[in-house]
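J.:
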Amino acid sequence: MTHDALTPDQRRAIETLDRSLVVTAGPGAGKTRVLVERVLQILERGLATLDEIVAITFTNRAANEMKTKIRLAIAQRARGAPSRRWQEAKRQLETAAISTIHGFCARLLRAHPVEAQVDPEFVILDEFRSRVLLTRAVEEVLEECIEAGEEIIGRLVIGYSRRGLIRAIADLLAMVRALGLRVEEVLAMSERGRRTLEEYRAAVERLEALVARLEAFPKPTERMAEQIAAFSQAYRWYGPLLRAEPRIDDAPVLEECLRALREARVEKRGRLSEMAAELDACLEEIELTFYDVCAGDVIAALSQLLRRVDDRYAQLKREQVGLDYEDLQWKARELLRAHPEIAATYRREIAFLLVDEFQDTNALQKELLDLLRGPEDRPRLFIVGDAKQSIYNFRGAAVEVFLRARREIEARGGEHIELERNFRSTAGLVRFFNAFFARLMRAVEDAPVGYPLEELGWTPFVESVPHREGENAAPVEVLLEIGPHVRTAEEARRWEAERLAERIARMVREGEQLVGEDSGDGGERRRPVRYGDIALLFRAMTDVKVYERALRERGIPYYVLAGRGFYEREEIRDLLALLEFLENTTDELALVAALRSPLFGISDEALFWLRHAAEAQSEGWLDPHPLLTSLWNHERVLGISAEERPRLERAARVLAHLLRVRNRLPLVELLEEILALTHAEAVHATAFDGHQRVANIRKLVELARGFEASGPHVLGDFTAFVRQFAEMAEESEAQVTTEAADAVRLMTVHKAKGLEFPVVIIPDTGRPFRKEAPPLVFDRAVGLGMQVPDPRGRLHETWSRRRVLEVLRLREYFEHQRLLFVAMTRARDYLILSGAAERLGAGERKSASFLSGASWLEWIVRVLELPEADALSDVYEWNGVKVRITLGRGEGLGAATTPRPTLIARYPQLERGEPIPESLLPPLSESEREHVRSVLRRLEPSPPAVGEGVSPIAVTRLLALARCPLQFYFESVLELPAWDEYEEEAALSSGGARRIPPALGGRLVHRFCEEYDGSEPWESVLGRLIEEMIVGGSPEAATGTSWAERLRASREEAFAEVRPLIENYVRSDLYRTIEAILWGERPGCVQSEREILYRTAWGIVRGRLDKVIWTEEDTAWIVDFKTNRVSGDLGALVDEYALQMRIYALAVQRAWHPRAIRAELYFLAPNVRVPVPVDALEETAALLERLTEQVARARRREDFPARPDPARCRRCPCVRFCPERVLGEAAV
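Note that this note's numbering has the sequence shown beginning at 1006, numbered continuously upward.
1) Taking the runs of the alpha helix (DSSP H) that are 4 residues or longer, which of them lie wholly in the stretch 1343 to 1409?
2) Closer than 7 Å by C-beta to Arg1115: which residues in its own chain qualify, once you throw out the five before and the five after it? Chain order, please.
3) When we look at the beta-carbon of Ile2148 and count the other beta-carbons within 10 Å, is it buried (16 or more) or exposed?
4) To the nearest angstrom, report how far apart Ala1661 and Ala1647 are at their CA atoms.
5) Within 10 angstroms of the Cβ of Glu1482, are there 16 or more other Cβ atoms? Answer buried if so, exposed if not.
6) Which residue spans inside the stretch 1440 to 1492 form an unbroken alpha helix (DSSP H) run of at least 4?
7) Using the C-alpha atoms, what's the distance from Val2106 back to Arg2201?
8) Report the rounded CA-to-CA distance for Val1812 versus Tyr1330, giving the unit in angstroms.
9) In whole angstroms, what separates the C-alpha of Ser1608 from that of Phe1543?
10) Put Ala1540 into one of helix, strand or coil per three-state DSSP.
11) Which class does Pro1763 belong to by DSSP, given the choice of helix, strand or coil?
12) Since Phe1762 and Asp1538 are thought to touch, with beta carbons under 8 Å apart, how far apart are those beta carbons, to the nearest angstrom?
13) Whether or not the stretch 1028 to 1039 and the stretch 1412 to 1427 are in contact is what I'm after, with contact meaning three or more pairs of Cβ atoms, one per stretch, closer than 8 Å; do they touch?
14) Smallest Cα separation from Asp1834: which of Pro1671, Lys1550, Arg1532 and Arg1665?
15) Taking only the alpha-carbon atoms, compute the straight-line gap between Glu1301 and His1801 and give it to the nearest angstrom.
16) Do Pro1384 and Arg1352 have their beta-carbon atoms positioned less than 8 Å apart in this structure?
17) Drop a sphere of 10 angstroms on the beta-carbon of Phe2013, count the other beta-carbons inside from all chains shown, and report buried for 16 or more, exposed for fewer.
18) Are the beta-carbon atoms of Thr1770 and Leu1845 separated by less than 8 Å?
19) Does the distance from the CB of Glu1468 to the CB of Thr1431 come in under 8 Å?
20) Does the beta-carbon of Leu1856 have 16 or more other beta-carbons within 10 angstroms, so that it is buried, or is it exposed?
21) Short check: CB of Leu1810 to CB of Ala1778, under 8 Å?
22) Just to confirm the assignment, what range does the beta strand (DSSP E) spanning Phe1127 have?
23) To the nearest angstrom, how far is it from the Cα of Pro2040 to the Cα of Ala2049?
24) Just the C-alpha distance for Gly1885 and Gly1521, rounded to the nearest angstrom, thanks.
25) Let me see if you follow: with CB-CB separation under 8 Å, is Glu1495 close to chain D or not?
26) State whether the stretch 2190 to 2208 contacts the stretch 2097 to 2105, with contact taken as three or more CB pairs (one from each stretch) at a distance under 8 Å.
27) With DSSP as the reference, identify every bridge partner of Thr1062, one or two as the case may be.
28) Since I believe Ile1058 is in contact with Val1041 (beta carbons under 8 Å), could you give me their beta-carbon distance rounded to a whole number of angstroms?
29) Kindly indicate the opening and closing residues of the beta strand (DSSP E) around Leu1581.
30) Looking at the secondary structure, which residues open and close the beta strand (DSSP E) in which Pro2218 lies?
31) Hey, could you find the ends of the beta strand (DSSP E) Phe1783 is sitting in?
32) Classify Lys1322 as helix, strand or coil using the three-state DSSP reduction.
33) With three or more beta-carbon pairs closer than 8 Å as the criterion, would you say the stretch 1393 to 1401 touches the stretch 1138 to 1147?
34) Is Val1216 closer than 8 Å to Arg1248 when the C-beta atoms are compared?
35) Evaluate Leu1878 with the Cβ neighbour count: other Cβ atoms within 10 Å of its Cβ, from every protein chain shown; 16 or more gives buried, anything less gives exposed.
36) Is Phe1437 buried or exposed, if buried means 16 or more other CB atoms sit within 10 Å of its CB?
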């Protein structure tokens, strides 16, 4: 969409700069484009510089996306009309205040640490580290309360359970702090809504009045008279007890009274039905009010507990010099409140304030913005959002804040603009969305009294206007699995997942023309759907494994972008089990899990015999880890097969070593040791999703690295951290598939926010909404509601909790509507709504409101007015939109109705151990034959275990092996000498010109080439890197000089040493190409220092690519920088490095499958770029197999023959002591 193609409303939103604006932007309305164009318009008119603009986004991803788009637009304008303004904007962009609200607050606090009373070096605690500290604070305070004998807290522990109470308090405090509320405010809010003693007495009086009316009931029948008399008698016995003042100790008395009165209840029949209903309601009111009155002491104790936890949590954060995300906002608010002069300064410095996704903010964040703006309209405020897309209520987002802000801005002279045109979805989809949600999002009539619907999250629906002309005949498909075979939730998901996988496979196999793309003449054309076009958006990822399994069985490529799948992956569970055992050797479940995993491969049969032997030992009951003892002595355990013995021996040896080093090695090193000893990466790399498994393993290592960097910890801290992490986090698997990969994506609806996909599938629509609530609940409009424990620890419902739940029910009802709206509107071309149920229940929903709906599926059926399954047609027209119906009744999938014959029945030769004649086998296609060959290759015997303990080998080491095996022996087996040590010493002894070690110079150059992007002078970048990497003074500096002078001298020498190489690079055509891609002036992508792995049958080869430049033609351009100071003919040196480039090319080809690969060596010292042919990849693969086999097998000196060559020997670091060296015509 060009600037000229902007709609009038978009143009108004971009060009109205003299007042504040609030923009309501529906799905696909181009709001990001409007934000970027508005920034450019401000710059173009000279109204402000980038330093005077603050842009706040909801996520870091959105901030980076906005920066990227602004960078591209600035580069385009600078290229079209070069001026100082655009060059200055380009320079300011990297430091521009484009960030999340938390990033802006952190910036504010760091600028005023004294006034904000924070340590200027504070660290930001991420969500998981802060949660660990908060849980620890709750545990410590709760333990102190229990030890002090606090009765009410003791009752809460009994009623809620210790773990349940810890979680409830942590959740409550986290939510309260996120909303910007104090504990005192929550207590006051809860007290206002809690029922009083007077209200309890009034309820008892109403019961007395009802009894009097009942006794005076006119002309009762004989049956009625008996019931009235029975109830009157029960009331005369128990009614007086209800008049006592409510005390929690009298809970058993109340229960007995209510039990007796309810047993004597009047039946709801005939003329007495209305009065019977009133009696039931009155008894319930008395019970709930009784416990609500009693809740006063419990809430007071709880509020005191919350204050102590808050104080302890603050203390733990101070010990780590850390602030959590809520602290950033709280302290920023307090800073602006307490120091109005600072707020006034920012009002002068900031001309324009832009806020994206404003519907997902809360009252605390709005107050921050109000404090920044003050009473005047400075800075100009520009907020963008859509109330219908507010889906973060569980994080404290308040959609009513957006609606309130809109009214305030209009009242202060601002303007409201609606962007209703949908550029994303087809016209048919937009019409479907409009009709569907106009009905679903209409107002609810039976809302709680006293609370406007808007305050509870209701948003009026505003229709979108379609922009795209392309159309599918039936753009919506409802895929249903209906029948008695889906009675349980598990059966429903299994059948639905299989039906869905079959549908995906069929639409791709048959090339259904579902996806629209630009035809080049302003119109659209249809193309076949691909796997990469499809996204499955889940409301919850709890059962995503069911859908993964169905996709995997169909051979459909996929990857999971969010969810707890990471911690459920086999490779992660296995490693965590081993870590848990190392932390606690008595945890035999963890030991069994580790032993039977691919890490050790011990069979269940062998584990049985080990356990049997452990139980048979007479001293077994004294042994804290009998299974481990049996493993140590496995050679004495009977029943274990001979082929199992080597695996047990290896497991015993590895575990013994790990137990010795577990408390001596840092966490990351311990993990690396485990991976090296168990060959975990190599083992998992052989699986069908090997790339994903290896990437997940490396991600676990990086998680451990981040945890280790947060402070001193022991192994137990990490395992506890991961357990809690897994419970609370939606952690995605490591991403090994790029956005352009042809694979189905699985993610949550929340993760898909802001994205779009050609084909969207919303599965598991039959998942019920939450029915059960925790005993402690909170709502920002009502306050606290909780079940109170009596002296026996039994929990009782209260009036306040019922009231809070009523509000929460409505709030969640509206949130589920908005979540479904966001999910559906991610679709560009085709939408599939998928679900399963025993029956549709068409006859039961005639008069039912949507509020009573139990799932998205019920809403879909009611809105579309679908008939029962038997009456459904293949195409169903609704509101002018054709909806395709795909109905499954349990046929053809899963457990087939006709049992298949077993292989033995079909081929009796198998039972006799005879081969099956080829004539009896079904014919195979070429692809099936290749699949069989790949399976047979996997079944080939594994290489001998001579390489156990060998880590992945670096490409540079393999180069040494290929050049001269003896050099490899000296460097990699004997580990002598270090290249940089020798060359530095040689240069010093010979009076060479080098003043810094060559390895350090090489690292400096590579770091520079990795980081420099042209946004600042190259001298500044190089100087900063030298300051980071050179922290010691030169040993050759004049005696008597200070340490600071020696350090400065070392840095100056380093700058002078590498300066010529850097100048060659930044002046080269190569860098100009890289900069053009980075700044969006040319299409493509640049990756720096990209690690690659290549697996052979004998190990894993690891390398690092200096630069990979991806061109528009999907060509991978590999560049390797060489800092060798060489002169003369480079031919021999290029020949040596050619193998390195071919290995890199082979790894890139296997990992990313580009259309073409080109490679070049860039010798920076002579400033020469040499292209290297990389077409002989099969020969390179064969050579790698031979080299890695030699590494795995060879151990002795004679296994590494020398290959002397005068030119090569003179460059070899082993030349000083190598007995085979050749420096001239003869050996020396």
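All C-beta atoms, glycine included, are put in the ideal place defined by N, C-alpha and C. Computed from a predicted model, the values in this text were never measured in an experiment.
T.: Checking against the coordinates, here is how it stands:
1) 1345 to 1354 and 1368 to 1378
2) The residue you call residue 1115 lines up with position 110 of the sequence shown. Pro1125, listed in sequence order.
3) Here residue 2148 is taken as the residue at index 1143 of the sequence shown, counted from 1. Buried: at least 16 other Cβ atoms inside 10 Å.
4) Stepping through the sequence shown from its first residue, residue 1661 is reached at position 656. Stepping through the sequence shown from its first residue, residue 1647 is reached at position 642. Their backbone Cα atoms lie some 22 Å apart in a straight line.
5) Indexing the sequence shown from 1 puts residue 1482 at position 477. Label assigned to Glu1482: buried.
6) none
7) As a working mapping, residue 2201 is identified with position 1196 in the sequence shown. As a working mapping, residue 2106 is identified with position 1101 in the sequence shown. Straight-line Cα distance between these residues: approximately 22 Å.
8) Working through the sequence shown from its first residue, we reach residue 1812 at position 807. Working through the sequence shown from its first residue, we reach residue 1330 at position 325. Going by the C-alpha atoms only, they are around 27 Å apart.
9) Residue numbering aside, residue 1608 sits at position 603 when the sequence shown is read from its first letter. Residue numbering aside, residue 1543 sits at position 538 when the sequence shown is read from its first letter. Those two C-alpha atoms are separated by around 37 Å.
10) Position 535 of the sequence shown, counting from 1, holds the residue named residue 1540. Ala1540: strand per DSSP, three-state reduction.
11) The count along the sequence shown starts at 1 and reaches residue 1763 at position 758. Note: Pro1763 maps to strand in three-state DSSP.
12) Residue numbering aside, residue 1762 sits at position 757 when the sequence shown is read from its first letter. Residue numbering aside, residue 1538 sits at position 533 when the sequence shown is read from its first letter. That belief holds up - the Cβ atoms of Phe1762 and Asp1538 are roughly 7 Å apart, short of 8 Å.
13) yes
14) Numbered from 1 along the sequence shown, position 829 holds the residue referred to as residue 1834. Checking every option, the nearest Cα to that of Asp1834 belongs to Arg1532.
15) Taking the first residue of the sequence shown as 1, we reach residue 1301 at position 296. Taking the first residue of the sequence shown as 1, we reach residue 1801 at position 796. Residue 1301 is actually Gly in this sequence, not Glu. Whole-angstrom Cα-Cα distance: 14 Å.
16) Here residue 1352 refers to the residue found at position 347 when the sequence shown is read from its first residue. Here residue 1384 refers to the residue found at position 379 when the sequence shown is read from its first residue. Going by C-beta atoms, Arg1352 is nearer than 8 Å to Pro1384.
17) If you number the sequence shown from 1, residue 2013 lands on position 1008. When all chains shown are included, Phe2013 counts as buried.
18) What you label residue 1770 is simply residue 765 of the sequence shown in a count that begins at 1. What you label residue 1845 is simply residue 840 of the sequence shown in a count that begins at 1. Result no, Cβ atoms of Thr1770 and Leu1845 do not sit closer than 8 Å.
19) For this step, residue 1468 is matched to residue 463 along the sequence shown. For this step, residue 1431 is matched to residue 426 along the sequence shown. The answer is no: Cβ separation not under 8 Å.
20) Position 851 of the sequence shown, counting from 1, holds the residue named residue 1856. The residue is exposed, with fewer than 16 neighbouring Cβ atoms inside 10 Å.
21) To locate residue 1810, count along the sequence shown from 1; it is residue 805. To locate residue 1778, count along the sequence shown from 1; it is residue 773. Yes.
22) Taking the first residue of the sequence shown as 1, we reach residue 1127 at position 122. Taken as a continuous stretch (DSSP letters only), Phe1127 belongs to no beta strand (DSSP E), as it is neither H nor E.
23) Against the sequence shown, residue 2040 aligns to sequence position 1035. Against the sequence shown, residue 2049 aligns to sequence position 1044. Confidence at Pro2040 is low in this model, with a pLDDT of 47, below 50, so the placement of that residue is unreliable and no value is reported for it.
24) For the purposes of this step, residue 1885 is identified with residue 880 of the sequence shown, where counting begins at 1. For the purposes of this step, residue 1521 is identified with residue 516 of the sequence shown, where counting begins at 1. Roughly 21 Å separates the two Cα atoms.
25) Among the chains in the structure shown there is no chain D, since it carries only a single protein chain.
26) yes
27) In the sequence shown, the residue the question calls residue 1062 occupies position 57. According to DSSP, Thr1062 bridges with Thr1105.
28) Start at 1 with the first residue of the sequence shown, and residue 1041 comes out as number 36. Start at 1 with the first residue of the sequence shown, and residue 1058 comes out as number 53. That belief does not hold up - the Cβ atoms of Val1041 and Ile1058 are roughly 12 Å apart, past 8 Å.
29) For the purposes of this step, residue 1581 is identified with residue 576 of the sequence shown, where counting begins at 1. Not the beta strand (DSSP E): Leu1581 falls in the alpha helix (DSSP H), residues Glu1575 to Glu1588.
30) As a working mapping, residue 2218 is identified with position 1213 in the sequence shown. Pro2218 -> no beta strand (DSSP E), and no H or E assigned at all.
31) The count along the sequence shown starts at 1 and reaches residue 1783 at position 778. First-last of the beta strand (DSSP E) with Phe1783: Leu1781 to Asp1784.
32) Translated into positions along the sequence shown, residue 1322 becomes position 317. Of the three classes helix, strand and coil, the one that applies to Lys1322 here is helix, per DSSP.
33) no
34) Mapped onto the sequence shown, residue 1248 falls at position 243. Mapped onto the sequence shown, residue 1216 falls at position 211. Not closer than 8 Å, so no.
35) Taking the sequence shown and counting its residues from 1, the one referred to as residue 1878 is at position 873. It is Ser, not Leu, that sits at residue 1878 in the sequence shown. Exposed, because fewer than 16 other Cβ atoms sit within 10 Å of the Cβ of Ser1878.
36) For the purposes of this step, residue 1437 is taken as the residue at position 432 of the sequence shown. Buried is the call here.
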